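Novice:
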Amino acid sequence: MSHPPDVATEEEERRTTFLELFFDLVLVFAITQLATLAHEVPHHGHVLMGISQTSLLAVMIWWLWSQFAWLGTSVELSASRPRALMLALTGLMLIAAIALPVGLEPGVSVFGIAYALVKLGALALFRMDGGDDPAHAAAVNDYVPKAAVAPLLVLAGAFLGPGPRLAAWSIAMVMEVGGTLLSGGQAFRISPAHFAERHSLVLIIVLGEAVVALGTHASPTDLTPATIASLLGGFGLVATMWWSYFAWAFGATELWLRGKGRPFAPGDGGAQGRMARDAFTFGHFPLVAGFIAMAVGLKDLAADPLHPWHVEAQVAVSVGLALYLGGFVAVVYRGNGYLLWERLIALALMVATTALSPLPAGLTAALLALQLALTIAVEVRRWSRYEERVRRASASSASPSANTPPAGD
């Protein structure tokens, strides 16, 4: 059985290591490659095929990163053998990121080979766990052989033609998702502080791509007051997207993994794993994908800040808002039973603004930022009142009400 959230094993809590952050530096480059691919899709025809291929590659990168998030929360990476293997896998990840844009092109896919080796190496890291938790060891022993099938299929697909390769890799990702559904509720050892922090940090990494999109596509020789104001409008949107997660949600996510959101049933050893699977592995992917889509639209803004967004950019921003805001609502509801109706209203309003605004892109972005900022302000007030009710209930020893989702205020 996995450890209950409030027992003495709190001393085993860990935080994200510098080695994991070093690995994430390579992830930054992979995200940049994905954003570039998505930006180029409308310019090469076959839009649906391009979107499908880019989406598949995004899922592959996310599931690979998620593997490292799960093993980092249970495996001691500071030991010499795990550290050496982790560094080697980081180098292979760099090769995979470099080859990502041509991963589905004719010829042997270097991306597929490197990707499969990194994934298999991550499974080997799971085997190096020196912990003494029998339930966790049993979960790992059951999971690793099954999880090795998908990367082996990716490896085989790397030597096929583009069509069969696309099919093989799609099947592999279906297996990954299916395997996560089947094994996510097992008693894997999870450090709530580490797992929550790891997923919050990856959101900052992906938001960094939006900042890079603004910086690299803006002209340094055309920084007029109007252009600067427009670029700052784009940055304001990025900043409020950051605020919309870290205003209050970060502290809450760790509590969910301790059973202080939706309460864990006594004796349910898989409850923590299911929460980690649903609210983080599955739940945070739409957030990451939404940020990548937003970066595509911000590239258009930076390149032409004084004119309205082109249709392709409007679609990218609208999709990004829907994925991020809608995904965030789903994550919070799964974690705490708390329905963010304010954010659903904001989602409809912001998508309509993106699609219909005749204003320059920077001004539209500033308007979106204002709408989201007002939404967050309302959310924070309602959340604060909810937390106050929880504190009062705890003080009066009425523990069941501490886990009751708030009614609309």
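According to the working numbering, the sequence shown holds residues 95 to 503 in order.
Using N, Cα and C, we set each Cβ at its ideal position, and we do this for glycine too.
All figures in this text were calculated on a predicted structure; none of them were measured in a lab.
1. Helix, strand or coil for A312? Go by DSSP, reduced to three states.
2. For I470, which residues of its own chain have a beta-carbon under 8 Å away from its beta-carbon, when the five flanking residues on both sides are left out?
3. Which of helix, strand or coil does DSSP assign to T321?
4. What would DSSP say about E170, mapped onto helix, strand or coil?
5. Quick one: Cα of A440 to Cα of E170, how far?
6. To the nearest angstrom, report how far apart A193 and A387 are at their CA atoms.
7. On the three-state DSSP scale, how would you describe K354?
8. What does the Cβ neighbour count give for H140, buried or exposed, with the cut at 16 atoms within 10 Å?
9. For N430, count neighbouring Cβ atoms within 10 angstroms of its own Cβ and tell me buried if that reaches 16, exposed if not.
10. Cβ atoms of L308 and A216: under 9 Å apart, would you say?
11. Thinking C-beta only, is A407 closer than 9 Å to A455?
12. Looking at C-beta atoms only, is the number of pairs between the stretch 230 to 239 and the stretch 197 to 216 that lie closer than 8 Å three or more?
13. Going by Cα to Cα distance, which pick from I298, P380, V120, S412 is closest to L181?
14. Using a 10 Å radius around the Cβ and a threshold of 16 neighbouring Cβ atoms, would you call P227 buried or exposed?
15. Determine the burial state of E291: buried for a count of at least 16 other Cβ atoms within 10 Å of its Cβ, exposed for fewer.
16. Would you identify the three-state DSSP class for A252, choosing helix, strand or coil?
17. Determine contact between the stretch 433 to 448 and the stretch 403 to 419, defined as no fewer than three beta-carbon pairs at a distance below 8 Å.
18. So is E134 buried or exposed if we call it buried at 16+ other beta carbons inside 10 Å?
19. Where V306 and S294 are concerned, what is the direct C-alpha to C-alpha distance, given to the nearest angstrom?
20. Could you compute how far the alpha carbon of L84 sits from the alpha carbon of P319?
21. Any idea what DSSP makes of I284, helix, strand or coil?
22. How is T111 classed by DSSP in three states: helix, strand or coil?
23. Less than 9 Å between the beta carbons of R283 and G206, yes or no?
24. Quick one: does the C-beta of A370 sit closer than 8 Å to a heavy atom of the ligand GDP?
25. When the distance is taken between beta carbons, is L331 closer than 9 Å to L466?
26. Can you give me the Cβ contacts of F329 inside the same chain, cut-off strictly under 8 Å, excluding the 5 residues immediately before and after it?
27. Where does H230 sit, in a helix, a strand or coil, going by DSSP?
28. I'd like to check one pair, R221 with T167: are the Cβ atoms closer than 9 Å?
29. Let me know the secondary structure DSSP gives S451 once reduced to three states.
Specialist: By the coordinates alone:
1. Translated into positions along the sequence shown, residue 312 becomes position 218. Three-state DSSP puts A312 in coil, outside helix and strand.
2. Here residue 470 refers to the residue found at position 376 of the sequence shown. The answer, listed in chain order, is T334, W337, S338, A341.
3. As a position in the sequence shown, residue 321 is number 227, starting the count at 1. Correct three-state label for T321: helix.
4. Here residue 170 is taken as the residue at index 76 of the sequence shown, counted from 1. Of the three classes helix, strand and coil, the one that applies to E170 here is coil, per DSSP.
5. Residue numbering aside, residue 440 sits at position 346 when the sequence shown is read from its first letter. Residue numbering aside, residue 170 sits at position 76 when the sequence shown is read from its first letter. Approximately 42 Å, taken between the alpha carbons.
6. The residue you call residue 193 lines up with position 99 of the sequence shown. The residue you call residue 387 lines up with position 293 of the sequence shown. About 21 Å.
7. Residue 354 sits at position 260 when you count from the first residue of the sequence shown. The answer is coil: DSSP assigns K354 none of H, G, I, E or B.
8. Within the sequence shown, the letter at position 46 stands for residue 140. Result: exposed.
9. Locating residue 430 in the sequence shown gives position 336, counting from the first residue. Around the CB of N430, 16 or more other CB atoms lie within 10 Å, so the residue is classed as buried.
10. On the sequence shown, position 122 is the one that residue 216 refers to. On the sequence shown, position 214 is the one that residue 308 refers to. No. Outside cutoff.
11. In the sequence shown, residue 455 corresponds to position 361, counting from 1. In the sequence shown, residue 407 corresponds to position 313, counting from 1. A407 is positioned such that its CB atom lies closer than 9 Å to that of A455.
12. no
13. One-based indexing of the sequence shown puts residue 181 at position 87. It is V120 whose Cα lies nearest to the Cα of L181.
14. Indexing the sequence shown from 1 puts residue 227 at position 133. A small fix is needed here, since residue 227 is Asp in this sequence, not Pro. D227 should be labelled buried.
15. Sequence index remark: in the sequence shown, residue 291 carries index 197 (1-based). Burial call: buried.
16. If you number the sequence shown from 1, residue 252 lands on position 158. Of the three classes helix, strand and coil, the one that applies to A252 here is coil, per DSSP.
17. yes
18. Numbered from its first residue, the sequence shown carries residue 134 at position 40. By the 10 Å Cβ count, E134 comes out exposed.
19. The sequence position of residue 306 within the sequence shown is 212, counting from 1. The sequence position of residue 294 within the sequence shown is 200, counting from 1. Computed Cα separation, rounded: 19 Å.
20. The structure shown has nothing for residue 84, since the chain only spans 95 to 503.
21. Here residue 284 refers to the residue found at position 190 when the sequence shown is read from its first residue. Reduced to three states, the DSSP call for I284 is coil.
22. Translated into positions along the sequence shown, residue 111 becomes position 17. Residue state, collapsed to three classes: coil.
23. Counting from one through the sequence shown, the residue named residue 283 turns up at place 189. Counting from one through the sequence shown, the residue named residue 206 turns up at place 112. Between R283 and G206, the C-beta gap is not smaller than 9 Å, which leaves the two residues out of contact.
24. Although the ligand GDP was asked about, the structure shown includes no ligands whatsoever.
25. Locating residue 466 in the sequence shown gives position 372, counting from the first residue. Locating residue 331 in the sequence shown gives position 237, counting from the first residue. Yes. Within cutoff.
26. Here residue 329 corresponds to residue number 235 of the sequence shown, with the count starting at 1. Once the five neighbours on either side are set aside, the close Cβ partners of F329 are V305, L308.
27. Indexing the sequence shown from 1 puts residue 230 at position 136. Here H230 sits in helix by DSSP.
28. Counting from 1 along the sequence shown, the entry for residue 167 is found at position 73. Counting from 1 along the sequence shown, the entry for residue 221 is found at position 127. No, the Cβ-Cβ distance between T167 and R221 is not below 9 Å.
29. Here residue 451 corresponds to residue number 357 of the sequence shown, with the count starting at 1. The answer is coil: DSSP assigns S451 none of H, G, I, E or B.
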